[in-house]
Every structure is written in C-alpha cells, then in structure tokens.
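Participant: Questions regarding the structure given below will be posed in turn.
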Amino acid sequence: MRALIIPLLLVLSTPLRAEEVAIFAGDLRLAGTYEDGSKAAALILAGSGPTDRNGNSATGLSSDTYALLARALADGGIATIRADKRGIGGSTGDGNAVLLTDYAADAGLWITTLKQRTGQSCIWLIGHSEGGLIALQTAQGRDDLCGLILLATPGRGLGEILLDQLSNAPAMQPYLEDTRTFLDQLKAGKEVAIEDMPAALVPLFPPG
C-alpha cells in the first residue's frame with residue numbers, strides 16, 4: 217500500500233504545466249492547450265489544412281511541432297496557448313465555411329484569454345504558414361501585441377504558391393493548366409464545378 221501512495225504523492229506534488237482550455241462565442245466552441253509561464257506569453261497559430269493544435273493532421277502528418285515548441289517555450293518561462301481551428305480537433309464549426317477574418321476574430325478571443333490568464337499587457341503571435349497570414353490579419357488595429365513571429369508565412373498569392381508546388385511534383389504536372397483555370401475562376405468569384413475537375417485535383421479544391 218505504501219508503495220502505491222508514495223508515487224501518487226510525488227505525482228500530485230509535480231506542477232501541472234499544460235491545461236486544456238476552451239472559449240465560447242455563440243454556438244462556437246474553440247479548444248486549445250495552455251502552457252504556463254511568467255516571463256511572456258505567446259499565441260501559436262497553426263498552418264493550413266486539417267492541422268491541429270499540436271501540429272498533427274489526419275492526413276498523415278504526425279510531428280507534434282507546435283506541442284514541442286510550446287513545451288520549449290514553457291521551459292524558458294514563456295506561457296502559450298495553441299488552439300484548434302474551427303472544425304479541427306476539439307473546436308466546433310465548419311472549417312470549409314471560414315474566412316481569414318473569422319480566424320483573426322478567433323485569435324482575438326484567445327489573445328484576451330491569454331492576457332487574463334497571465335496578466336501580461338501584450339502578447340506575441342507565432343504564426344506558421346497560413347497561421348502567419350492569420351497573425352498579420354489579427355494584428356491590424358491592435359495595440360496589445362508585443363510583436364509577430366512569422367514562420368514560413370507566404371509572401372505571395374496562395375494560388376501562385378500552389379502552382380509552384382504542383383510544378384515540382386511530377387505526378388501533378390499534367391494538371392497544371394486545369395489548376396490555373398480553376399484558380400482564375402475562383403479569383404473571379406465563380407464557382408468551380410467539381411464534376412469537371414480531374415480526380416487528382418479534388419483534394420485541393422474540396423466541394424465544401
């Protein structure tokens with residue numbers, strides 16, 4: 217009995233640094249993980265696609281990138297929140313019915329939460345890939361940000377980047393012209409007919 221009690225007491229005496237958190241806006245529930253720190257605070261914004269708060273994806277990505285980053289920052293005394301985007305992980309909402317301004321509004325809610333939890337007067341935004349675009353959008357008109365840390369954030373139009381990526385994938389080169397046509401239609405505000413699209417391109421232009 218004593219052998220069971222001692223390890224339990226040791227576990228209970230160890231500070232719990234990571235904590236699941238959630239915020240609500242109407243019917244929307246946004247879920248994230250808070251890691252404690254006293255020196256500064258940062259909000260980690262995930263990249264594009266179904267990438268969750270830890271940096272993993274149901275499409276096969278398993279890196280724990282954002283989780284490892286948050287833990288390293290916590291070791292340095294920097295508090296973080298890393299959050300699931302709408303429709304991903306523990307967050308509700310439709311991930312296919314969202315604009316950059318919606319993601320920025322969600323980030324604003326997390327900034328308020330992080331300031332309240334830490335008492336910091338300003339928050340750092342760490343945005344990876346598309347998360348960097350969200351950080352730039354979120355920063356507009358705010359005076360409570362320490363600064364932005366942009367990791368592999370696009371500096372060109374996303375359609376142009378997509379074409380470059382496909383041109384470097386030999387299997388996708390036969391679809392470059394179709395992709396260019398579909399992108400032009402979308403930029404013109406037109407809907408793209410999925411039935412006219414090669415099957416190889418459907419994952420890039422999901423019906424939603």
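In this note's numbering, the protein residues as written are 217 to 424. No residue lacks a Cβ here, since even glycine has one placed at the ideal position from N, Cα and C.
If you draw a straight line from the C-alpha of Asn270 to the C-alpha of Met388, how long is it?
Facilitator: Distance between the alpha carbons of Asn270 and Met388 is about 29 Å.
Participant: Which residues bound the beta strand (DSSP E) around Ile239?
Facilitator: Here the beta strand (DSSP E) through Ile239 covers 234 to 241.
Participant: Within this structure, are the beta carbons of Thr267 and Ala295 separated by less than 9 Å?
Facilitator: Result no, Cβ atoms of Thr267 and Ala295 do not sit closer than 9 Å.
Participant: So does the region 320 to 339 actually touch the region 250 to 257, counting three or more Cβ pairs closer than 8 Å?
Facilitator: Enough Cβ pairs lie closer than 8 Å, so yes.
Participant: Measure from the alpha carbon of Ala283 to the alpha carbon of each residue in Leu349, Tyr250, Gly292, then state which is nearest.
Facilitator: Looking at the Cα atoms, Tyr250 is the closest of the given residues.
Participant: Report all residues from its chain with a CB closer than 6 Å to the CB of Glu346; omit the five preceding and five following residues, and keep chain order.
Facilitator: Around Glu346: Gly263, Ser264.
Participant: Would Leu402 be called buried (16 or more neighbouring beta carbons within 10 Å of its own) or exposed?
Facilitator: Under this definition Leu402 is an exposed residue.
Participant: Okay, do the region 380 to 387 and the region 275 to 290 touch, 3+ Cβ pairs below 8 Å being the bar?
Facilitator: No: the two stretches stay apart, fewer than three of their Cβ pairs being nearer than 8 Å.
Participant: Smallest Cα separation from Gly311: which of Thr317, Gly303, Asp318?
Facilitator: Comparing Cα positions, the closest option is Gly303.
Participant: By Cβ distance below 6 Å, which residues in the same chain neighbour Gly233 in space, the five residues on each side in sequence not counted?
Facilitator: According to the sequence provided, residue 233 is Arg. The question's Gly does not apply to it. So the list reads Glu251, Asp252, Ala290, once near-sequence residues are dropped.
Participant: Whose C-beta lies closer than 6 Å to the C-beta of Asp400 among residues of the same chain, with five residues either side of it excluded?
Facilitator: Answer for Asp400: no residue qualifies.
Participant: How many Å lie between Asp359 and Leu352 at the Cα?
Facilitator: Distance between the alpha carbons of Asp359 and Leu352 is about 13 Å.
Participant: Within 10 Å of its beta-carbon, does Lys301 have 16 or more other beta-carbons around it, so buried, or fewer, so exposed?
Facilitator: Classification for Lys301: buried.
Participant: Starting from Gly343 and walking both ways along the beta strand (DSSP E), at which residues does that stretch end?
Facilitator: 339 to 344 is the span of the beta strand (DSSP E), which, as asked, contains Gly343.
Participant: Would you check if the distance between the CB atom of Ile350 and the CB atom of Tyr391 is smaller than 9 Å?
Facilitator: For Ile350 and Tyr391, no; Cβs fall outside 9 Å.
Participant: Measure the C-alpha to C-alpha separation of Asp380 and Gly363 and round it to an integer number of angstroms.
Facilitator: Distance between the alpha carbons of Asp380 and Gly363 is about 30 Å.
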